[in-house]
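Numbering (the UniProt record's numbering), first residue to last: 1 to 697. For reference, the structure discussed in these notes is given below.
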């Protein structure tokens, strides 16, 4: 019988920790939360200091009985749930169920699941931190009150199944506000002039010089007449270098990942959703079975907004960099990064737990997704501790008849951290290399050609998951643990849709957001929501009492809720009418939203109950029967290709279609990723054509 009982959340974490502790320890998993507020009712007594009514989560009865039995026979119990507010709350619930005294030093935490970290934690247990628990309770109860008070109002006024949430409503508002900006946007015309110049006596090496203005200053090119006038004035002119400036520019590495930046970079470089990124990162944190070494936690805790790195990890990274790349790639002093003022600094930044365990050395033990995320985290951290890169830059002002053209070039002099990793970005950067020949002041150039081009200013971009997370973090909306579930919720509710990775509000999302803005101004106010997050942080720091925070909020909220109920009338959401005719009654079918997504329905319901799925054509023909190939979804939402004549035809594939034709039989090719290669093969099972190409994701 085990002398010590250690309780964690997941079997994977239990397996990893069990490797580090001796036979006297029994490791059990609570499988996440064991108690929560009931789903069928609000579960909060607002008249009695917002006392929550916690109940055992359905299906956890046998597990709790098992834990109680193990606890009764254990000499000492350690609660080793995750090192954040939610983990502290889970430990508090466990302590209550297992009758552990509130003054008992039973709580252990570690930022990484390594032998040293776990054994050090076992030696230094503490009491459960009630400030952390209260902060989590306040968040949970606050969100419960908002959701369970506003959502029924939306059901009555709009339609059933809708919901409102303190963070999700603000996220939806951001997306809707951006869409309004785009719709109101009026483009402005502007022009550019680019001269392609060549050094005299040279036949190659032409470079671009862009129109800047005159010797008096910058000139904005606003219309074609202005451009024609300038082109006329410089026709036949000499192009002479009037000012040449050379300099050296440093580029510093990006800091190690926080939750937000990991989600952003995984979206940019890997195309991962926030939910997918966090799921895989959690696996790496809890432990992965590594061949020859057993279960290992590969990265530090993955819910953090801190940039702090332990001195031990910095020293280990510096030694690794010197041995792998040479002394010049390690800075003289270790790199430290400054946290944003809103950061809690409860944990380190996300980093590998074993610096010398590079991604390639353990690739065979990881799934493809785990390898990609681990590689991202490992490279980002190592690069963050490396020397800066150095560019030689050249800036040239070229005069032609009193007008100035500018040419800028850069060349990497020392790659530094860039030999390993460069942060992804959404836009072009001035750090992109542009090659220029050696240029001296007074030098004259030959004009190869000159081009003018009309442009129009562009509206702001719609949010992607990555840019929405970035905005939420910058504005102080939510915390690291909330970004992924918030985006998942607004997509699931049908408030937002994805169009080529861009988040677009639906008509439903716009209507609900308008109701919230008009009647629950504070709930969707960005500053108000950020201030509420600050108050929850104050509770965590012991500077405020959670009941007082709730009282201050609820006193105003209850009046607003009553006024909204009186003022909001029934809101009709118009259906989107299509040109597809109902084959039963001839009406134009409309698009409806169901629990499994959009579908076509007859507007004559209930007289006509005709409904069918929305069929998306792939634009290729079936290799078996020549019918149209449709893009369909399985019950779990996975996309696949199927023939319109199924089930009689029988053609289907999980592979992605391409617009390329098979050189052997003419049928379309499909793409199947395999490691770092993409395999293109014929869609017909009667043809054996296969071609490999570099995998682009």
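Note that the Cβ used here is the ideal one computed from N, Cα and C, for glycine as well.
Inset, instruction - Go ahead and pull the three-state DSSP assignment for residue 687. - result: coil
Legend entry - Among 99, 581, 522 and 88, the one whose alpha carbon lies nearest that of residue 67: Out of 99, 581, 522 and 88, 99 has the C-alpha closest to the C-alpha of residue 67.
Legend entry - Integer Cβ distance of residue 262 from residue 350, believed to fall under 8 Å: 6 Å
Legend entry - Anticipated Cβ contact below 8 Å, residue 445 with residue 198, distance rounded: Confirmed, Cβ separation roughly 6 Å.
Legend entry - CB contact flag (residue 539, residue 45, <8 Å): no
Legend entry - Cβ-based burial, residue 318 [other Cβ within 10 Å; buried from 16]: buried
Inset, instruction - Taking only the alpha-carbon atoms, compute the straight-line gap between residue 371 and residue 389 and give it to the nearest angstrom. - result: 27 Å
Legend entry - Span separating the alpha-carbon of residue 273 from that of residue 484: 8 Å
Inset, instruction - Output the distance between the C-alpha atoms of residue 599 and residue 259, rounded to the nearest integer angstrom. - result: C-alpha separation (whole angstroms): 36 Å.
Legend entry - Residue burial classification, residue 518 (beta-carbon count within 10 angstroms, cutoff 16): exposed
Inset, instruction - Report yes or no: is there a C-beta of chain D within less than 8 Å of the C-beta of residue 20? - result: Any reference to chain D falls outside this structure, which holds one protein chain only.
Legend entry - Span separating the alpha-carbon of residue 20 from that of residue 284: 17 Å
Legend entry - Closest Cα partner of residue 384 within the set 409, 392 and 420: 420
Legend entry - Local conformation of residue 64 per DSSP, three classes: helix
Inset, instruction - Kindly indicate which residue of 448, 508, 622 and 528 has the alpha-carbon position closest to the one of residue 573. - result: 508
Legend entry - Proximal residues to residue 575 (C-beta, below 6 Å), its chain only, five neighbours per side dropped: The beta carbon of residue 575 lies closer than 6 Å to those of 590 in the same chain, with the five residues before and after it left out.
Inset, instruction - Apply the 10 Å Cβ neighbour rule to residue 516 and answer buried if 16 or more other Cβ atoms are within range, or exposed otherwise. - result: buried
Legend entry - Under the three-state DSSP convention, the category residue 176 falls into: helix
Inset, instruction - State the start and end residues of the unbroken beta strand (DSSP E) segment that holds residue 505. - result: 502-505
Inset, instruction - Pair every Cβ in the region 392-409 with every Cβ in the region 234-243, then say whether three or more of these pairs are closer than 8 Å. - result: Taking 8 Å as the limit for Cβ pairs, the verdict is that the region 234-243 does touch the region 392-409.
Legend entry - Cβ contact (3+ pairs, closer than 8 Å) linking the region 65-79 and the region 108-127: Three or more Cβ pairs drawn from the region 65-79 and the region 108-127 lie within less than 8 Å of each other, which places the two stretches in contact.
Inset, instruction - Leaving out five residues on either side along the sequence, give the residues of the same chain with a beta carbon under 7 Å from the beta carbon of residue 90. - result: Here the set comprises 9, 30, 33 and 81.
Legend entry - Residues that residue 276 bridges to, as DSSP identifies them: In the DSSP output, where bridge partners are listed per residue, residue 276 has none listed.
Inset, instruction - Please report how far the alpha carbon of residue 520 lies from the alpha carbon of residue 466, in whole angstroms. - result: Straight-line spacing of the CA atoms in residue 520 and residue 466 works out to 27 Å.
Inset, instruction - Give the DSSP bridge partners of residue 453, in chain order. - result: 192
Legend entry - Host alpha helix (DSSP H) of residue 395 (start-end): Premise fails: residue 395 lies in the beta strand (DSSP E), 389-400, not in any alpha helix (DSSP H).
Legend entry - N- and C-terminal bounds of the alpha helix (DSSP H) containing residue 558: 546-567
Inset, instruction - Tell me the start and end of each unbroken beta strand (DSSP E) in the UniProt domain "Toprim" (3-114) that is at least 3 residues and wholly inside, in chain order. - result: 4-8, 25-29 and 76-79
Legend entry - Neighbourhood of residue 53 by C-beta, 6 Å cutoff - its chain only, sequence neighbours within 5 removed: 43
Inset, instruction - Using alpha carbons as the reference points, say which of 271, 463, 354 and 443 lies closest to residue 369. - result: Comparing Cα positions, the closest option is 271.
Legend entry - Contacting residues, own chain, Cβ-Cβ under 6 Å from residue 664 (five flanking each side not counted): 687 and 689
Inset, instruction - Compute the Euclidean distance between the alpha carbons of residue 321 and residue 152, then round it to the nearest angstrom. - result: 58 Å
Inset, instruction - Report yes or no: do three or more beta-carbon pairs, one from the region 492-499 and one from the region 284-296, lie closer than 8 Å? - result: no
Legend entry - Pair within 8 Å by beta-carbon distance, residue 210 and residue 456: no
Inset, instruction - Can you have a look at residue 278 and say buried or exposed, based on whether 16 or more other CB atoms are within 10 angstroms of its CB? - result: buried
Legend entry - Exposure of residue 215, with buried meaning 16 or more beta-carbon neighbours within 10 Å: exposed
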